[in-house]
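So that you can map any letter, position 110 of the sequence shown is 105 in the working numbering, and since no number is skipped, the others follow by simple counting. See structure below.
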Amino acid sequence: MKVLVVGNGGREHALLWALSREDPRPELHATRPNPGMAALAEPVDLSPEDVAGVASWADEAEMDLVIVGPEAPLAKGLVDRLSDRGVPAFGPTAAAARIEASKAFAKELMESAGVPTARHRTFRAFSEAEAHIRREGAPVVVKASGLAAGKGAVVCQTVDEAVDAAREMLEADAFGEAGRQVVVEEYMEGEELSVFGVSDGEDVRLLLPSQDHKPVGEGDTGPNTGGMGAYAPLSLATPELLHIIRDRVFRPTLDALRQEGCPFRGLLYAGLMLTDEGPRVVEFNCRFGDPEAQAVLPLLESSLMDLLLPVAVGDRLSEADPRWRAGSALTTVVASEGYPGTYSKGRSVEVPEELEDDRGILVFHAGTGSRDGQLVTAGGRVAAVTGVGRTLQEARDRSLAGAQRFRFEGAYFRRDIGWREFARSEAARP
Ligand code: AMP
Ligand code: GLY
-4 MKVLVVGNGG REHALLWALS REDPRPELHA TRPNPGMAAL AEPVDLSPED VAGVASWADE
56 AEMDLVIVGP EAPLAKGLVD RLSDRGVPAF GPTAAAARIE ASKAFAKELM ESAGVPTARH
116 RTFRAFSEAE AHIRREGAPV VVKASGLAAG KGAVVCQTVD EAVDAAREML EADAFGEAGR
176 QVVVEEYMEG EELSVFGVSD GEDVRLLLPS QDHKPVGEGD TGPNTGGMGA YAPLSLATPE
236 LLHIIRDRVF RPTLDALRQE GCPFRGLLYA GLMLTDEGPR VVEFNCRFGD PEAQAVLPLL
296 ESSLMDLLLP VAVGDRLSEA DPRWRAGSAL TTVVASEGYP GTYSKGRSVE VPEELEDDRG
356 ILVFHAGTGS RDGQLVTAGG RVAAVTGVGR TLQEARDRSL AGAQRFRFEG AYFRRDIGWR
416 EFARSEAARP
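Structure below.
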């Protein structure tokens, strides 16, 4: 079995790690792997976004499965190109990936399918957006419609802030093409959770729910990032709640995409807000979450390949639900100081060898590179260090102990990942 993983961040390292534990172990390949991934996979020197190049390489090298990690190649049609060549690929087509790549498309689809989400309006003209914001008042949320690496949503506490955000996007071009259309939406209050569903276009299997931490600072302060840490599972996500999420969010969304002529085969990620009126969608993504995958995949006991391969070859999902190991996982992202703003690259990284062998700690590389054989930083989010334990507390202790030992100048990480869950268990104590 030959598998290519497209992408080279923490999520893709976690995917490779899960695949490397399959029995029999597949032959693994990855596009421009980071040094952590390179230990598990043969490098393919192509950019993940070079869709024509990757499709022709995968075809010629006779890959049995291609798993596309990030949204950009999906939105650019990598899976369409692979399918044209008959290469089995896990991930949605470009048309189905619009559920993430165009917030305007996603909002309209949800509205027509009756999926609970924030009320919204879409604008191309700044003057109209401004008039709408002034009518609606604050708090309100202004979003670039296109892909913006998790940084395109601005939660505004005042009307002026919202007007400025819309101006930045529509007139100052702050997000380029992605911000030519903005979505202005109702502010929702509640706790957020991430639910992944693997779908064959019709049916869906939900994975273990997790919770991301988007703001850069402890206590959820400061600007939003791609995610500073995550844990799984959450006590809030009861089986009853997951049923509701499947029936009111996943099923109608998948049905609507099928009716639109673009069935979604791949991983649909629902970012949800648990409001007083029940779960409502904040956003959909068309791929595994990063860093949620680094917390969810280590708890998967059954085979990842058995889950993804049927979808990739166009079969129906197997009847079996994925199985999970008992316990919890918590991942802490070690970032470069300054992220999500400007930060330095090329700083030497020291990782003690025994850290790589510690069974309760998994180090997933994200923005790392190598220079003259030395591990160096190469991105904002440098690594995700996951602790796995019998309890969330144990998982956190291991994650923090690992993060502490992933050293470079200006390393920064949040020490409070999972704080909501810990506060809940405190509150539940007599
Ligand atoms: P998004 O890029 O759409 O995932 O938004 C990023 C973050 O902004 C979310 O994880 C939420 O914390 C926040 N957010 C987005 N939309 C809303 C909304 N309608 N109400 C409240 N918070 C929101
Ligand atoms: N962690 C958020 C995302 O993957 O979009």
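Don't be surprised by glycine CBs; every beta carbon is placed ideally from N, CA and C.
In the DSSP assignment, find the alpha helix (DSSP H) that holds residue i and state where it starts and stops.
{"i": "Ile356", "result": "Unbroken run through Ile356 is the beta strand (DSSP E), 356 to 360; no alpha helix (DSSP H)."}
{"i": "Gly72", "result": "Here Gly72 belongs to no alpha helix (DSSP H), and DSSP marks it neither H nor E."}
{"i": "Ala423", "result": "414 to 423"}
{"i": "Ser122", "result": "121 to 131"}
{"i": "Lys102", "result": "98 to 108"}
What's the gap between the Cα of residue i and the Cα of residue j?
{"i": "Asp242", "j": "Gly266", "result": "15 Å"}
{"i": "Leu304", "j": "Val358", "result": "26 Å"}
{"i": "Ile412", "j": "Asp79", "result": "43 Å"}
{"i": "Ile62", "j": "Val308", "result": "12 Å"}
{"i": "Trp52", "j": "His360", "result": "25 Å"}
{"i": "Asp59", "j": "Ala84", "result": "8 Å"}
{"i": "Ala13", "j": "Leu312", "result": "19 Å"}
{"i": "Gly375", "j": "Ser97", "result": "25 Å"}
{"i": "Pro274", "j": "Ile240", "result": "7 Å"}
{"i": "Pro38", "j": "Gln369", "result": "18 Å"}
{"i": "Val49", "j": "Leu41", "result": "7 Å"}
{"i": "Glu186", "j": "Gly81", "result": "42 Å"}
{"i": "Thr117", "j": "Glu278", "result": "15 Å"}
{"i": "Leu294", "j": "Pro218", "result": "30 Å"}
{"i": "Thr386", "j": "Gln152", "result": "37 Å"}
{"i": "Ala133", "j": "Ala161", "result": "14 Å"}
{"i": "Tyr226", "j": "Asp207", "result": "7 Å"}
{"i": "Phe170", "j": "Arg424", "result": "46 Å"}
{"i": "Gly384", "j": "Arg119", "result": "49 Å"}
{"i": "Lys340", "j": "Ala36", "result": "24 Å"}
{"i": "Glu95", "j": "Gln176", "result": "14 Å"}
{"i": "Ser331", "j": "Val344", "result": "11 Å"}
{"i": "Met300", "j": "Asp54", "result": "19 Å"}
Between residue i and ligand 2, is the CB less than 7 Å from at least one heavy atom?
{"i": "Gly336", "result": "no"}
{"i": "Glu235", "result": "no"}
{"i": "Asn219", "result": "no"}
{"i": "Gly222", "result": "yes"}
{"i": "Asn280", "result": "yes"}
{"i": "Pro286", "result": "yes"}
Does the distance from the C-beta atom of residue i to that of residue j stay below 8 Å?
{"i": "Ala324", "j": "Ala390", "result": "yes"}
{"i": "Gly64", "j": "Gly2", "result": "yes"}
{"i": "Glu416", "j": "Arg342", "result": "no"}
{"i": "Ser394", "j": "Val291", "result": "no"}
{"i": "Gly192", "j": "Phe245", "result": "yes"}
{"i": "Lys(-3)", "j": "Glu57", "result": "yes"}
{"i": "Ala91", "j": "Ala288", "result": "no"}
{"i": "His127", "j": "Val179", "result": "yes"}
{"i": "Glu184", "j": "Thr270", "result": "yes"}
{"i": "Val46", "j": "Arg76", "result": "yes"}
{"i": "Gly224", "j": "Arg402", "result": "no"}
{"i": "Asp250", "j": "Ala108", "result": "yes"}
{"i": "Ser365", "j": "Pro19", "result": "no"}
{"i": "Glu197", "j": "Arg253", "result": "yes"}
{"i": "Ala232", "j": "Leu302", "result": "no"}
{"i": "Arg200", "j": "Asp310", "result": "no"}
Following a CB-centred definition, is residue i positioned closer than 7 Å to any heavy atom of ligand 1?
{"i": "Met105", "result": "no"}
{"i": "Ala138", "result": "According to the sequence as given, residue 138 is Lys; it is not Ala. True, at least one ligand heavy atom lies under 7 Å from that Cβ."}
{"i": "Lys209", "result": "yes"}
{"i": "Gly273", "result": "no"}
{"i": "Val150", "result": "yes"}
{"i": "Gly384", "result": "no"}
{"i": "Gly64", "result": "no"}
{"i": "Val277", "result": "yes"}
{"i": "Ala113", "result": "yes"}
{"i": "Glu187", "result": "yes"}
{"i": "Met164", "result": "no"}
{"i": "Gly214", "result": "no"}
{"i": "Met183", "result": "yes"}
{"i": "Gly397", "result": "no"}
{"i": "Gly147", "result": "yes"}
So residue i is in the beta strand (DSSP E); what residue range does that whole segment cover?
{"i": "Gln388", "result": "Note, Gln388: premise wrong, no beta strand (DSSP E); alpha helix (DSSP H) at 387 to 400."}
{"i": "Leu250", "result": "For clarity, residue 250 is Asp in the given sequence; the question names Leu instead. It is not in any beta strand (DSSP E) - Asp250 instead sits in the alpha helix (DSSP H) that spans 246 to 254."}
{"i": "Gly384", "result": "376 to 384"}
{"i": "Met268", "result": "260 to 270"}
{"i": "Ser365", "result": "363 to 366"}
{"i": "Gly192", "result": "186 to 195"}
{"i": "Leu201", "result": "199 to 201"}
Since I believe residue j is in contact with residue i (beta carbons under 8 Å), could you give me their beta-carbon distance rounded to a whole number of angstroms?
{"i": "Asp195", "j": "Arg260", "result": "6 Å"}
{"i": "Val135", "j": "Ala157", "result": "5 Å"}
{"i": "Ala67", "j": "Leu142", "result": "7 Å"}
{"i": "Leu104", "j": "Thr248", "result": "7 Å"}
{"i": "Thr216", "j": "Lys209", "result": "11 Å between Cβ atoms; not a contact."}
{"i": "Thr112", "j": "Cys257", "result": "Between Cys257 and Thr112 the Cβ distance is about 19 Å, and since that is not below 8 Å, they are no contact."}
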